[in-house]
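A.B. asks: Each position in the sequence shown, counted from 1, maps to that position plus 20 in this note's numbering. Cβ coordinates follow ideal geometry from the N, Cα and C atoms, glycine included. Model, not experiment: these values are computed from the prediction. Handing you a structure now.
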Amino acid sequence: MILTGTDLGMTYAGRQVLQHVDVALDAGEQCALTGRSGSGKTTLLLMLAGLLSPTEGRVHLSVQGRDIVYVPQAPSLVSELSALQNASLGLRIRGVPPGEAQDRARAQLHALGLLDVEDSLPSELSGGMQQRVALARALAVAPRLLLADEPTGALDQATGQMVIAVLRQQAEAADAALIVATHDQQVAEQFPRQLVVEPELVR
21 MILTGTDLGM TYAGRQVLQH VDVALDAGEQ CALTGRSGSG KTTLLLMLAG
71 LLSPTEGRVH LSVQGRDIVY VPQAPSLVSE LSALQNASLG LRIRGVPPGE
121 AQDRARAQLH ALGLLDVEDS LPSELSGGMQ QRVALARALA VAPRLLLADE
171 PTGALDQATG QMVIAVLRQQ AEAADAALIV ATHDQQVAEQ FPRQLVVEPE
221 LVR
């Protein structure tokens with residue numbers, strides 16, 4: 021198993037957000053994490069990514085931190101860097117030579133429909149474009165476990181379907197585990213497995 025979460029719970033300021041959550045995901049598995057806003061999807065993703073410690077239960081990850089990528093709903097790009105520089109940043113941090121890093125990042129930008137924005141700063145891009153740059157950065161490092169929080173939230177339906185198709189195709193090709201949090205049932209239905217998060221539980 022890539023990850024296993026056992027009897028997970030999270031309490032914020034005395035309020036139980038999640039409890040008794042059991043999740044397991046193997047290499048190559050893909051699932052959608054659904055639930056209304058405020059149901060705890062982001063909290064669960066952060067726990068599964070190893071970025072937030074549960075107040076109950078435990079998460080076991082069989083991959084190293086450098087092989088896990090979490091893409092938040094807010095794009096979190098570096099404002100001083102171009103789209104291409106942002107997309108290659110994860111590779112550069114991992115020590116990949118500049119030329120190779122840019123080539124790999126450029127391929128992901130193109131795969132996500134960003135053909136003409138390589139030199140654009142984040143402030144010159146729409147929210148949806150910024151989100152796709154963040155996804156390109158994640159895909160470029162070829163993670164073993166990719167967790168994306170509402171990656172289609174700022175996209176129109178056609179672009180959103182394209183983005184999900186790219187995420188799924190590349191995860192399948194790399195035998196990577198993929199979890200996508202979404203409130204869009206049409207997005208969720210593209211996945212072979214769904215986890216439904218409700219206040220204080222997951223099923």
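Could you have a look at H203 and say whether DSSP puts it in helix, strand or coil?
C.D. replies: coil
A.B. asks: Starting from Q68, trace the alpha helix (DSSP H) both ways and give me its first and last residue.
C.D. replies: According to the sequence displayed, residue 68 carries Leu and not Gln. Start and end: K61 to L68.
A.B. asks: Going by DSSP, what residue range makes up the beta strand (DSSP E) through R78?
C.D. replies: E76 to L81
A.B. asks: Please name the residue, chosen from T62, A131 and Y32, that lies closest to E170 on a Cα-to-Cα basis.
C.D. replies: Among T62, A131 and Y32, the Cα nearest to that of E170 is on T62.
A.B. asks: Would you mind stating whether R213 and A52 have Cβ atoms separated by less than 9 Å?
C.D. replies: Closer than 9 Å, so yes.
A.B. asks: If contacts are defined as beta-carbon pairs under 8 Å, then R78 and T26 qualify, I think. What distance do you get, rounded to the angstrom?
C.D. replies: 6 Å
A.B. asks: Could you give the DSSP three-state label for E49: helix, strand or coil?
C.D. replies: coil
A.B. asks: Is it true that the segment 161-175 meets the segment 84-98, where meeting means three or more beta-carbon pairs spaced less than 8 Å apart?
C.D. replies: yes
A.B. asks: Alpha carbon to alpha carbon, how far is V83 from M67? Give it in angstroms, no decimals.
C.D. replies: 15 Å
A.B. asks: Can you grab the Cα-Cα spacing for the pair P163 / G115, in whole Å?
C.D. replies: Spanning the alpha carbons of P163 and G115 requires a straight line of approximately 15 Å.
A.B. asks: Could you tell me which of A185, G58 and L65 sits nearest to D42, measuring between CA atoms?
C.D. replies: D42 has its Cα closest to that of L65, out of A185, G58 and L65.
A.B. asks: Taking only three categories from DSSP, how would you classify G85?
C.D. replies: helix
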